[in-house]
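The next block holds one structure in the form of structure tokens; read it before the comments.
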């Protein structure tokens, strides 16, 4: 039965809207989600664009999962609602001379491939992963909390500022300077400090340019690689990414089921004028 009164109306049935609806409905709010298209998903959409081949499906926008906090997956019980994420696995780059590079989520397994091009870089790569991981451990929690107002004397803001400072303290002065540089430098600047082989730098710079609409010499592209190193497909493997079973639409479907299980109503084909 359709209700005519709601506490919250969410416009747009993408994963963010659906998760918001699920959280709000679990808190007791009467929630309605309105999606203009005939299916939910938004940027986490999987479509069948070829009428003659309805079983051929592609991700329309986002194609990998990895930045959804584990807390959300756990709180909304998304696995019970069908969410399955499979590890992305290694990525591979061939070169015209017949050599290749294969990098995986485990630096030890990447070592032989890198060593065939540069033993020095193979040794440096494990240190690089450790360094980037330490910074990611400090930066990632900031994304999942309400940021404090710097300079405010309110207890909540003071506590939030102190929490961030305490985490950053683990890195020391040098580590805080590294964060600043990662947020502002180009990926080429950072990679030149660490590695000698152009092949390895090319593969890593390519990763940093994904979705950034920028070249490897563009200031700020180093942050993209840091951002990607904070991925978590929901299995606790920070730095990992994965493919959703059923495409990214499978993730959206799980979010919809979680929202409806909490009492939210989801309408598709419902354009808001």
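In this note's numbering, the protein residues as written are 1336 to 1608.
Don't be surprised by glycine CBs; every beta carbon is placed ideally from N, CA and C.
Predicted, not measured: the structure shown is a model, and the values here were computed from it.
Nearest-angstrom Cβ-Cβ length linking residue 1587 and residue 1376, presumed shorter than 8 angstroms: 4 angstroms
query: For residue 1597, which of 1349, 1348 and 1353 has the nearest alpha-carbon?
result: 1353
query: Could you give the distance in angstroms between the alpha-carbon of residue 1398 and the alpha-carbon of residue 1509?
result: 35 angstroms
- request: My understanding is that residue 1589 touches residue 1417, with C-beta atoms under 8 angstroms, so please give their C-beta distance in whole angstroms.
  value: 5 angstroms
message: So, under 8 angstroms CB-CB, residue 1359 and residue 1602 are touching, yes? Tell me the CB distance rounded to an integer number of Å.
response: 16 angstroms between Cβ atoms; not a contact.
Inter-residue spacing [alpha-carbon to alpha-carbon] between residue 1336 and residue 1414: Annotation note: pLDDT 45 at residue 1336 (below 50); position unreliable, coordinate value reported separately. About 28 angstroms.
field: Top-ranked residue by Cα proximity to residue 1528, from 1500, 1507 and 1557
entry: 1557
message: Just verifying my parser: in three-state terms, what is the DSSP assignment at residue 1378?
response: coil
- prompt: Mapping DSSP to helix, strand and coil, what is residue 1395?
  reply: coil
query: Going along the chain, which residues of its own chain have a beta-carbon closer than 7 angstroms to the beta-carbon of residue 1374, five neighbours each way excluded?
result: 1603
message: Give me the residue from 1495, 1608, 1534 and 1498 with the minimum Cα distance to residue 1432.
response: 1534
message: Does residue 1600 come out as helix, strand or coil in the three-state DSSP assignment?
response: strand
- request: Determine the burial state of residue 1486: buried for a count of at least 16 other Cβ atoms within 10 Å of its Cβ, exposed for fewer.
  value: exposed
message: Let's see if you can read the secondary structure: which residues bound the alpha helix (DSSP H) around residue 1486?
response: Unbroken run through residue 1486: none, as it is neither H nor E.
message: Quick check: is any heavy atom of the ligand MG less than 8 angstroms from the C-beta of residue 1422?
response: Only the bare structure without any ligand can be found here, which leaves the ligand MG out of the picture.
message: Let me make sure I understand the geometry here. Which of 1404, 1383 and 1403 has the alpha-carbon closest to that of residue 1394?
response: 1383
query: Can you name the start and end residues of the alpha helix (DSSP H) that residue 1403 belongs to?
result: Neither: residue 1403 is in no alpha helix (DSSP H) and is coded neither H nor E.
query: Among 1348, 1365, 1531 and 1489, which has the Cα closest to the Cα of residue 1340?
result: 1365
message: Quick check on residue 1345: does DSSP put it in helix, strand or coil?
response: strand
field: Nearest candidate by alpha-carbon position, reference residue 1583, set 1344, 1482, 1465 and 1349
entry: 1349
- request: Would you identify the three-state DSSP class for residue 1577, choosing helix, strand or coil?
  value: strand
task: Using the DSSP secondary-structure output, state which residues sit across from residue 1370 in a beta bridge.
output: 1603
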